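Chains as they are written, first to last, in this note's numbering: chain A, 371 to 455; chain B, -13 to 214. Take a look at the structure below.
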């Protein structure tokens, strides 16, 4: 099996009110060193096949089709072989 | 006028839209999202709610419902499609309208009366409205913060595709009257052919005497004039 870790991130040009709120909270509890916070999505996907090339293609396709909104988000992923559970 | 109201699992304003259509004397039919056929509509309403629980992103999963292919076909042929609240979110996700609805700047679900004004007189939906006149139309959303790239915004402005903007009771478009952080105070937009409208406020919740505001009636009257 293959495990895909997919990261869906707001584009730098898009404001992230959640990230800003988290940053404000961190500042309020004393973490003055924090410059910026961006909140993203992390999605774990297990694939049945062990074919890395096929997995690359499929993950790319589903990012485009569903996982990310191209207007506001970018995405990246990495793949690793895992043993079935 | 024949109205089709599309129901998704999680739609919760479909009955409101149906009700307002009925009391205004129209033939209204619900169309289930798994259906493959529309019921000969003049107007499709994609109602408010939380289709598929708003999982992943609001409206993201609805785009794979079978009826959506028919809605897109109908819109591409010039048919009238009106998306309200979650319906607006769905219209952006399926690519009939540009941009996206982001989380409100306050991170809060906002449910309140809100003034909006039409800024366009060149569509079926806005022809009968007076630009600059404040309409009291309720909003109820957490993801209503309209976002589009700078180029996209310029294109909306240049092509006169902004239908509604948030304003104060005098019809003035101010920063203070923007409830959710939407870019350029945008409350509703049109596609390039101006037959598809998406708006966050709920005109169907302000269209009869039983409720506080009746200003939503002006929007429905505008559409009706097109068919009479």
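All C-beta atoms in this analysis are idealised placements derived from N, C-alpha and C, irrespective of residue type, glycine included. From a predicted model like this one, the values you see are computed outputs, not experimental measurements.
Cβ distance (whole Å) where residue i is taken to contact residue j below 8 Å
i, j, result
"residue -8 of chain B", "residue 53 of chain B", "6 Å"
"residue -2 of chain B", "residue 36 of chain B", "7 Å"
"residue 85 of chain B", "residue 133 of chain B", "6 Å"
"residue 375 of chain A", "residue 448 of chain A", "5 Å"
"residue 429 of chain A", "residue 371 of chain A", "Actually they are not in contact, since the Cβ atoms of residue 429 of chain A and residue 371 of chain A sit about 14 Å apart, beyond 8 Å."
"residue 69 of chain B", "residue 25 of chain B", "Actually they do not touch by this definition, with Cβ atoms about 18 Å apart."
"residue 204 of chain B", "residue 114 of chain B", "7 Å"
"residue 201 of chain B", "residue 122 of chain B", "5 Å"
"residue 83 of chain B", "residue -10 of chain B", "Not quite, the Cβ-Cβ distance comes to about 18 Å (not below 8 Å), so this is no contact."
"residue 378 of chain A", "residue 411 of chain A", "4 Å"
"residue 28 of chain B", "residue 213 of chain B", "6 Å"
"residue 146 of chain B", "residue 179 of chain B", "That pair is no contact at about 12 Å."
"residue 148 of chain B", "residue 142 of chain B", "5 Å"
"residue 216 of chain B", "residue 34 of chain B", "Past the edges of chain B, shown from -13 to 214, lies residue 216 of chain B, and the structure says nothing about it."
"residue 406 of chain A", "residue 393 of chain A", "7 Å"
"residue 391 of chain A", "residue 66 of chain B", "Actually they are not in contact, since the Cβ atoms of residue 391 of chain A and residue 66 of chain B sit about 39 Å apart, beyond 8 Å."
Coil, strand or helix - residue i by DSSP
i, result
"residue 72 of chain B", "helix"
"residue 401 of chain A", "coil"
"residue 353 of chain A", "What is shown of chain A runs 371 to 455, which leaves residue 353 of chain A out entirely."
"residue 81 of chain B", "coil"
"residue 101 of chain B", "strand"
"residue 14 of chain B", "strand"
"residue 446 of chain A", "strand"
"residue 430 of chain A", "helix"
"residue -7 of chain B", "strand"
"residue 209 of chain B", "helix"
"residue 61 of chain B", "helix"
"residue 39 of chain B", "helix"
"residue 119 of chain B", "coil"
"residue 204 of chain B", "helix"
"residue 196 of chain B", "coil"
"residue 48 of chain B", "helix"
"residue 168 of chain B", "coil"
"residue 389 of chain A", "helix"
"residue 157 of chain B", "coil"
"residue 414 of chain A", "strand"
"residue 188 of chain B", "coil"
"residue 4 of chain B", "helix"
"residue 138 of chain B", "helix"
"residue 180 of chain B", "coil"
"residue 20 of chain B", "coil"
"residue -12 of chain B", "strand"
"residue 425 of chain A", "helix"
"residue 93 of chain B", "coil"
"residue 435 of chain A", "helix"
Buried or exposed (CB count within 10 angstroms, at least 16 for buried), residue i
i, result
"residue 111 of chain B", "buried"
"residue 402 of chain A", "exposed"
"residue 445 of chain A", "buried"
"residue 182 of chain B", "buried"
"residue 130 of chain B", "buried"
"residue 209 of chain B", "buried"
"residue 117 of chain B", "exposed"
"residue 442 of chain A", "buried"
"residue 136 of chain B", "exposed"
"residue 382 of chain A", "exposed"
"residue 4 of chain B", "buried"
"residue 397 of chain A", "exposed"
"residue 106 of chain B", "buried"
"residue 427 of chain A", "exposed"
"residue 404 of chain A", "exposed"
"residue 197 of chain B", "exposed"
Cutoff 8 Å; reference residue i; Cβ partners in own chain excluding five residues on either side
i, result
"residue 153 of chain B", "101, 102, 103, 120, 159, 160, 163 and 171"
"residue 124 of chain B", "97, 98, 99, 100, 187, 188, 191, 192 and 199"
"residue 41 of chain B", "47"
Other residues of its chain near residue i: CB distance less than 6 Å, five sequence neighbours each side excluded
i, result
"residue 46 of chain B", "79"
"residue 64 of chain B", "181"
"residue -6 of chain B", "19, 37 and 48"
"residue 433 of chain A", "445"
"residue 425 of chain A", "372, 417 and 449"
"residue 77 of chain B", "69, 83 and 184"
"residue 126 of chain B", "97"
"residue 389 of chain A", "407, 408 and 409"
Residues near residue i by beta carbon distance below 7 Å, same chain, minus five either side
i, result
"residue 75 of chain B", "44, 45, 87 and 129"
"residue 91 of chain B", "131, 166 and 167"
"residue 173 of chain B", "102, 150, 151, 152, 185, 186 and 187"
"residue 386 of chain A", "380, 408 and 409"
"residue -4 of chain B", "35, 36, 37, 38 and 39"
Practice task
Taking 8 Å as the threshold, find out whether the region 97 to 114 of chain B comes into contact with the region 174 to 187 of chain B through three or more Cβ pairs.
Solution key: yes
Problem - Three CB pairs or more closer than 8 Å across the region 4 to 13 of chain B and the region 420 to 430 of chain A - result: no
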